[in-house]
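Residue numbers (the working numbering): 169 to 301.
A short write-up of the structure that comes next.
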Ligand code: NI
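Quick look at the structure:
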């Protein structure tokens, strides 16, 4: 991919904020940080455009809750065409962490994540999506 240089005019406060972002996230330079910020925002607009993205759904729950594990599996089977894999980790005696890797239309992944997070007994849930192209 060829790189194009262009000039950017920014208010001093915004530039300071960018430099803080660069150092906080240990980017080697402003260009890399800007690239990341632009990418993130393009991904956000892609969610609306319904493009293909990849991501993960992270779930934390107490496995002692009745029917919870079965309900989670049922929902994932309903969306088997976008579920790539899932990993189950026993965090302690009761609490489980489940990470579901997904790829597909952003709107479908969002629907799946919302359904999983809404399963009764889920304590925390989060969908992360990124570009898949
Ligand atoms: Ni477990």
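Where is the CB? At the ideal position from N, CA and C, for every residue including glycine.
Quick caveat: nothing in here was measured; it's all calculated off a predicted structure.
- Below 8 Å, enough C-beta pairs join the region 271-289 and the region 219-227 to call them touching: three or more.
- Under DSSP, residue 255 takes part in a beta bridge, and its partners are 267.
- The three-state secondary structure of residue 291, taken from DSSP, is strand.
- Taking the Cα positions, residue 297 is about 30 Å away from residue 177.
- Distances from the CA of residue 199 to each of 192, 186, 287 and 248 were compared; the closest alpha carbon is that of 186.
- Cβ neighbours of residue 239 within its own chain (closer than 6 Å, five residues either side excluded): 287.
- Taking C-beta atoms under 8 Å as the contact rule, residue 272 and residue 220 qualify, at a distance of about 6 Å.
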